[in-house]
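Notes follow once the structure below has been shown.
In our numbering, the protein residues as written are -6 to 405.
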């Protein structure tokens, strides 16, 4: 097909067309695939506030729609966030990218063209650009949103700018050590962050690179991602527990109780990231068994660490260190387990029970308006939470989880 070059005028025209003509119909996907779900505008109509009577009893459709609606309404209003950090409002950064990855996944599973239109609006408002640090894994996360749109609309041009930045990264051929040494200038990045030297990066970057290969047909993006992901796992994974340290600064660090520090959300980023990465890899890729084994090792460890209330400890190997619920790690773990069960990778009651307890916990963490609470704020290690603390990546985790629970609920 002929590839169109998207000019600024074209982007504006596409955005305008989306906002004016995106259908509200609930009877299927935009490209002829019939959906078995109705649209969120019917499930949680704008006039119904609060969106849910009792979130703890809500279906995946109801709670996913409510979370999407609440977060979309609040996306430019940071008043609900206790700690105002620029990453929260930055349009091309990892915080919003995580929400829109979750929104795209949920909207696609629902066949909700209105929500998919909001994803498209976000992508076009970004100019289909990566973040300001295109060499940094966090600022590559948003490329996954562009890739999903490119595949849905059969328009590989949407990924052109991302691929150009990825080409520059590969040409630079970064070979720094993965040891994270604090930079001399506060607020700047460590030299190692030209590579994926922190656990969170496994969610942010590898799936986007793998999707670049799916869009373009060029295997070099996936090959790079596989090589760098293996290096990250081999460097950060603890052989005793199977868990991953957040980065090298935590290899020898202990909690106040003398236990090793394994951050819940850090491992959540890894577990959910591996699910997304594996999902984007071809079945005959020689490194797929390695990625699957890493995922399975984490799954087997995680089901032994879950609390009775369904949440995972904020510090995974020290449940007594911080005892408040923490929803972002739990949301990503729940999504990863549900994805594994749905895709036949996890079989057994221990996984189903852990998934169901996590689903109950995440519904408990969500209020009747659709706000996901008990979310640890931006950080790099275990911190406390409160019922009202929320963040866009918490909503993104919940939407990913809800997308995997849709079919589970229809089977019962």
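Where a beta carbon is used, it is the ideal one built from N, C-alpha and C, also for glycine.
Within the stretch 203 to 240, the complete alpha helix (DSSP H) segments of 4 residues or longer fall at 213 to 229, listed in chain order. The alpha helix (DSSP H) runs of length 4 or more contained entirely in the stretch 87 to 173 are, from start to end of the chain, 87 to 103, 106 to 118, 136 to 146, 153 to 165.
For residue 401, the three-state secondary structure derived from DSSP is helix.
Bounds of the alpha helix (DSSP H) holding residue 296 are 281 to 298.
Under the Cβ criterion (8 Å, minimum of three pairs), the stretch 138 to 154 counts as touching the stretch 115 to 123. Going by DSSP, residue 352 is part of the alpha helix (DSSP H) stretching over 342 to 358. Annotated three-state conformation of residue 81 is helix, per DSSP.
For residue 308, the number of other beta carbons within 10 angstroms of its own is at least 16, and it is reported as buried.
Residue 173 is positioned such that its CB atom lies closer than 9 Å to that of residue 191.
In this structure the stretch 127 to 143 touches the stretch 87 to 106; the number of beta carbon pairs closer than 8 Å is three or more.
When only Cα atoms are considered, residue 53 and residue 295 end up about 23 Å apart. In chain order, 290, 291, 293, 294 place their CB closer than 8 Å to the CB of residue 235, counting only its own chain and leaving out the 5 sequence neighbours on each side.
In the structure shown, the three-state DSSP call for residue 373 is coil.
With at least 16 other beta carbons inside 10 angstroms of its own, residue 103 counts as buried. With 16 or more other CB atoms across the displayed protein chains lying within 10 angstroms of its CB, residue 348 is buried.
Residue nearest to residue 366 within the set 350, 389, 345, 136 is 389 (criterion: CA-CA distance). In the displayed model, residue 176 falls within coil according to three-state DSSP, outside both helix and strand. Taking a C-beta distance under 9 Å as the contact criterion, residue 318 and residue 357 qualify as a contact pair.
A direct Cα-to-Cα measurement between residue 399 and residue 193 gives close to 26 Å. For residue 336, there is no enclosing alpha helix (DSSP H), since its DSSP letter is neither H nor E. Cβ atoms of residue 89 and residue 393 stay farther apart than 8 Å, at about 15 Å. The stretch 194 to 210 makes contact with the stretch 220 to 235, as at least three CB pairs between them are under 8 Å. Between the alpha carbons of residue 74 and residue 372 lies a gap of roughly 14 Å. With contacts defined as CB atoms closer than 9 Å, residue 267 and residue 243 fail to qualify as a contacting pair. For residue 270, the enclosing alpha helix (DSSP H) stretches over residues 257 to 273. In this structure residue 327 is not in contact with residue 387, their Cβ atoms being roughly 12 Å apart against a cut-off of 8 Å. In the three-state scheme derived from DSSP, where H, G and I count as helix and E and B as strand, residue 252 is classed as coil. Residue 336 and residue 275 have their C-alpha atoms spaced approximately 14 Å apart. Secondary structure note for residue 58: its alpha helix (DSSP H) is the uninterrupted segment 53 to 67. The Cβ atoms of residue 44 and residue 28 do not sit closer than 9 Å to each other. Closest in alpha carbon position to residue 60, among 124, 34, 82, 170, is 34.
In this structure, the straight-line span from the alpha carbon of residue 374 to that of residue 133 is close to 22 Å. In this structure, residue 359 sits away from residue 370, with a CB-CB distance that is not shorter than 9 Å.
In the DSSP assignment, residue 36 falls within the unbroken alpha helix (DSSP H) covering 33 to 36.
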